[in-house]
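Engineer:
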Amino acid sequence: MRKLLVVLSVLAVFALALSACAAPAAAPAAPAGGEAATEAAPAETGAACTPGEGSIAVLLPDSASSARWENDDRRYFAEAFDAAGVEYSIVNAEGDAANQQTQAEQALTNGAKVILLVNLDSGSGAAIIAKAKEAGARVIDYDRLTIDTDNPASVYVSFDNVAVGRAMGDTLEPLIDGLEAEVPRVVQLNGSPTDNNATLFREGYFSVAKPHYDDGSWELVADQAVPGWDNQQALVIFEQILTDAGDAGVDAVFAANDGLANSVIAALKARGLDPLPLSGQDATVAGIQNILSGWQSMTVYKPIKAEAEAAAEAAIALHNCEDAATLAEGNVLSNGVVDVPFIKLIPIAVTKDNIKETVIADGFRTWEELCVGDFEQYCPPADQR
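What follows is the structure, encoded as structure tokens:
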């Protein structure tokens with residue numbers, strides 16, 4: 202595992218070597234990775250831990266915001282826990298925060314001693330953490346940090362989410378600068394306002410775009426969040442943005458993930474408009490297909506297998522009454538109140554030029570699943586795949 206993470210980090214550092222260091226976004230956010238908070242997280246207390254006792258419960262957020270949760274994370278967790286021989290359960294709240302709290306309570310009643318949580322919002326996430334600790338269980342924040350609480354999870358496992366946004370900015374920047382428009386008109390289609398990751402993604406791409414907005418070389422014409430990462434709402438929002446833009450139009454879009462990007466593409470096609478510089482995230486099948494066909498400029502590949510395996514390793518350590526914070530190797534992230542040990546992975550920008558060397562080489566995607574139907578014509582010849 203450690204060797205895998207090191208290899209990913211080296212690849213990603215190379216891929217993101219041109220990352221900008223501009224001023225952060227104006228939107229409120231928890232301090233970015235590694236910044237010290239005013240105090241460290243308090244030592245954990247609770248019932249005495251018995252190694253190997255109880256089970257591990259994985260609480261996934263939904264199926265709508267990204268295909269990854271059911272298609273990727275679920276199977277990777279199952280593989281890791283099956284290999285370790287530990288008892289586990291995996292449930293999905295389907296976007297309902299109250300349902301997720303009920304699922305957490307049921308898991309604790311059934312004997313879970315470790316909760317692996319992808320929260321739907323920080324308020325409900327903090328309630329789940331508090332309930333788990335009262336029951337003598339430990340919690341891992343997976344992919345999404347629970348912010349603004351002095352009673353945090355034991356450890357946070359995720360990618361450097363500001364770097365995710367910077368990868369979008371760095372990839373789109375030369376494309377936008379190369380447009381014929383005298384002052385390109387740019388849209389920021391952000392993720393859910395209740396998801397701290399969405400705030401960090403925006404911070405990343407805004408840090409690249411802001412100098413251009415400030416000097417007038419780009420115009421920011423819309424900066425809107427999409428509640429719940431809902432792709433249908435994203436379509437409605439972007440259609441309204443196009444309507445409001447009128448004849449001036451839109452020249453480029455920072456879309457915070459592949460689902461939102463697909464909504465942008467649907468709106469453009471419905472109006473007979475051409476492709477434009479467009480970002481995405483998650484390296485979904487649809488996202489890669491849109492890149493191959495020229496409708497999407499890039500996606501950010503977050504090696505989900507590595508993320509899930511790192512979280513599973515931390516969960517198994519907690520299940521064995523070990524200190525999972527040591528796996529963070531000294532990295533911390535402020536949740537706005539205290540520092541939380543942060544097992545940090547590095548994302549990779551994917552364009553048409555490096556699909557084969559990234560998502561295909563890792564086995565995360567296959568040409569067989571990408572090159573189907575109308576997309577077959579955009580794929581390399583069979584002998585070059």
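First residue of the sequence shown: 202, per my numbering; consecutive thereafter. We treat Cβ as the ideally placed atom computed from N, Cα and C, and that holds for glycine. It should be emphasised that the depicted structure is a prediction, and the values quoted were computed from it without experimental measurement.
(1) CA-CA distance, Gly537 and Leu346?
(2) Enumerate, from N- to C-terminal direction, the unbroken beta strand (DSSP E) stretches of 3 or more residues contained entirely within the stretch 460 to 513.
(3) How would you label Gln497, buried or exposed, when you count the other beta carbons within 10 angstroms and need 16 or more for buried?
(4) How many Å lie between Ala462 and Cys522 at the Cα?
(5) The alpha helix (DSSP H) that contains Thr425, what's its start and end?
(6) Which residues in the same chain have their Cβ closer than 7 angstroms to the Cβ of Glu254, if we skip the five residues on either side of it in sequence?
(7) How far does the alpha helix (DSSP H) with Tyr579 in it extend, from its first residue to its last?
(8) Identify whether Leu346 lies in helix, strand or coil by the three-state DSSP scheme.
(9) For the beta strand (DSSP E) that contains Lys332, what are its first and last residues?
(10) To the nearest angstrom, how far is the alpha carbon of Ile583 from that of Ile556?
(11) Between the Cα of Thr310 and the Cα atoms of Ile257, Ala327, Glu569 and Gly392, which residue gives the shortest distance?
(12) Determine the DSSP secondary structure at Asp452, reduced to helix, strand or coil.
(13) Considering only C-alpha positions, which residue in the set Leu479, Val533, Glu510 and Asp563 is nearest to Thr372?
(14) With DSSP as the reference, label Ser266 as helix, strand or coil.
(15) Between the stretch 414 to 434 and the stretch 265 to 276, do three or more beta carbon pairs fall short of 8 angstroms?
(16) For Cys580 and Phe407, what's the separation of their Cα atoms in angstroms?
(17) Look at the alpha carbon of Ala364 and the alpha carbon of Pro476, and state the distance between them as a whole number of angstroms.
(18) Rounded to the nearest angstrom, what separates Leu212 and Ile549 at their Cα positions?
(19) Is it right to say Thr567 is buried, meaning 16 or more other beta carbons lie within 10 angstroms of its own, or is it exposed?
(20) For Asp283, is the classification buried or exposed, using 16 other Cβ atoms within 10 angstroms of its Cβ as the cut-off for buried?
(21) Considering just the uninterrupted stretch of the alpha helix (DSSP H) at Asp540, what are its terminal residues?
(22) Around the C-beta of Pro428, are 16 or more other C-beta atoms found within 10 angstroms, so that it is buried, or is it exposed?
(23) What did DSSP end up calling Phe360 once you bin it into helix, strand or coil?
(24) Starting from Gln302, trace the alpha helix (DSSP H) both ways and give me its first and last residue.
(25) Nearest to Val384 by CA position, among Leu390, Ile348 and Val451, is which residue?
(26) Name the DSSP beta bridge partners of Arg386, please?
(27) Identify which residue in Leu317, Ala279 and Ala294 has its Cα closest to the Cα of Ala525.
(28) For the beta strand (DSSP E) containing Leu317, name the first residue and the last one.
(29) Does DSSP put Leu376 in a helix, in a strand, or in coil?
(30) Taking a contact to mean a Cβ-Cβ separation below 8 angstroms, would you say Gly405 touches Gly370 in this structure?
(31) CA-CA distance, Ala467 and Glu440?
(32) Starting from Val292, follow the alpha helix (DSSP H) in both directions and report where the run begins and ends.
(33) How should Arg586 be labelled, buried or exposed, when 16 other C-beta atoms within 10 angstroms of its C-beta is the threshold for buried?
Structural biologist: Short version:
(1) Numbered from 1 along the sequence shown, position 336 holds the residue referred to as residue 537. Numbered from 1 along the sequence shown, position 145 holds the residue referred to as residue 346. In this model, Gly537 and Leu346 are separated by some 10 angstroms (Cα to Cα).
(2) If we require 3 residues or more, the beta strand (DSSP E) runs fully inside the stretch 460 to 513 come out as 500 to 502.
(3) Residue numbering aside, residue 497 sits at position 296 when the sequence shown is read from its first letter. Counting other Cβ atoms within 10 Å of its Cβ, Gln497 reaches 16 or more and is therefore classed as buried.
(4) Counted from its first residue, the sequence shown places residue 462 at position 261. Counted from its first residue, the sequence shown places residue 522 at position 321. Roughly 43 angstroms separates the two Cα atoms.
(5) Mapped onto the sequence shown, residue 425 falls at position 224. In the sequence under discussion, the amino acid at residue 425 is Gln, which differs from the Thr named in the question. In the DSSP assignment, Gln425 falls outside any alpha helix (DSSP H) and lies within the beta strand (DSSP E) extending over Glu420 to Ala426.
(6) As a first step, residue 254 is located in the sequence shown; it is residue number 53 there, counting from the start. Lys314, listed in sequence order.
(7) Here residue 579 refers to the residue found at position 378 of the sequence shown. For Tyr579, there is no enclosing alpha helix (DSSP H), since its DSSP letter is neither H nor E.
(8) One-based indexing of the sequence shown puts residue 346 at position 145. If DSSP states are grouped into helix, strand and coil, Leu346 belongs with coil.
(9) Position 131 of the sequence shown, counting from 1, holds the residue named residue 332. Per DSSP, Lys332 belongs to no beta strand (DSSP E); it is in the alpha helix (DSSP H), Ser323 to Glu335.
(10) Here the question's residue 583 lines up with position 382 in the sequence shown. Here the question's residue 556 lines up with position 355 in the sequence shown. Here residue 583 turns out to be Ala, not Ile, going by the sequence shown. When the Cα atoms are used, Ala583 and Ile556 turn out to be separated by approximately 15 angstroms.
(11) Here residue 310 corresponds to residue number 109 of the sequence shown, with the count starting at 1. Measuring C-alpha to C-alpha distances from Thr310 to each of Ile257, Ala327, Glu569 and Gly392 identifies Ile257 as the nearest.
(12) Residue numbering aside, residue 452 sits at position 251 when the sequence shown is read from its first letter. In the structure shown, the three-state DSSP call for Asp452 is coil.
(13) Here residue 372 corresponds to residue number 171 of the sequence shown, with the count starting at 1. When each option's Cα is compared against that of Thr372, the closest is Leu479.
(14) In the sequence shown, the residue the question calls residue 266 occupies position 65. Looking at Ser266 - three-state DSSP - the assignment turns out to be coil, as it is neither helix nor strand.
(15) Judged by Cβ distances under 8 angstroms, the stretch 414 to 434 makes contact with the stretch 265 to 276, as three or more pairs qualify.
(16) Along the sequence shown, one-based indexing puts residue 580 at 379. Along the sequence shown, one-based indexing puts residue 407 at 206. One C-alpha to the other measures close to 32 angstroms.
(17) Taking the first residue of the sequence shown as 1, we reach residue 364 at position 163. Taking the first residue of the sequence shown as 1, we reach residue 476 at position 275. The alpha-carbon atoms of Ala364 and Pro476 are separated by roughly 25 angstroms.
(18) As a position in the sequence shown, residue 212 is number 11, starting the count at 1. As a position in the sequence shown, residue 549 is number 348, starting the count at 1. With a pLDDT of only 42 at Leu212, under the threshold of 50, the placement of this residue in the model should not be trusted; the figure read from the coordinates follows. Distance between the alpha carbons of Leu212 and Ile549 is about 8 angstroms.
(19) Taking the first residue of the sequence shown as 1, we reach residue 567 at position 366. Exposed, because fewer than 16 other Cβ atoms sit within 10 Å of the Cβ of Thr567.
(20) For the purposes of this step, residue 283 is identified with residue 82 of the sequence shown, where counting begins at 1. Residue burial annotation: Asp283 is exposed, with fewer than 16 other C-beta atoms found within 10 angstroms of its C-beta.
(21) Your numbering for residue 540 matches position 339 in the sequence shown. Not the alpha helix (DSSP H): Asp540 falls in the beta strand (DSSP E), residues Asp540 to Leu546.
(22) Within the sequence shown, residue 428 is the residue found at index 227, counting from 1. Taking all protein chains shown into account, Pro428 has fewer than 16 neighbouring C-beta atoms within 10 Å of its C-beta and is therefore exposed.
(23) Within the sequence shown, the letter at position 159 stands for residue 360. Correct three-state label for Phe360: strand.
(24) Residue 302 sits at position 101 when you count from the first residue of the sequence shown. Unbroken alpha helix (DSSP H) run through Gln302: Ala298 to Thr310.
(25) Taking the first residue of the sequence shown as position 1, residue 384 is located at position 183. For Val384, the nearest C-alpha among the options comes from Val451.
(26) Residue numbering aside, residue 386 sits at position 185 when the sequence shown is read from its first letter. Per the DSSP secondary-structure output, Arg386 pairs in a beta bridge with Glu420.
(27) Mapped onto the sequence shown, residue 525 falls at position 324. Comparing alpha carbon positions, the residue from Leu317, Ala279 and Ala294 closest to Ala525 is Leu317.
(28) Numbered from its first residue, the sequence shown carries residue 317 at position 116. Note, Leu317: beta strand (DSSP E), Ala313 to Leu318.
(29) Taking the sequence shown and counting its residues from 1, one reaches residue 376 at position 175. If DSSP states are grouped into helix, strand and coil, Leu376 belongs with the helices.
(30) What you label residue 405 is simply residue 204 of the sequence shown in a count that begins at 1. What you label residue 370 is simply residue 169 of the sequence shown in a count that begins at 1. The answer is yes: Cβ separation under 8 angstroms.
(31) Within the sequence shown, numbered from 1, the residue matching residue 467 stands at position 266. Within the sequence shown, numbered from 1, the residue matching residue 440 stands at position 239. Computed Cα separation, rounded: 9 angstroms.
(32) Taking the sequence shown and counting its residues from 1, the one referred to as residue 292 is at position 91. For Val292, there is no enclosing alpha helix (DSSP H); the residue is part of the beta strand (DSSP E) that begins and ends at Tyr289 to Asn293.
(33) One-based indexing of the sequence shown puts residue 586 at position 385. Result: exposed.
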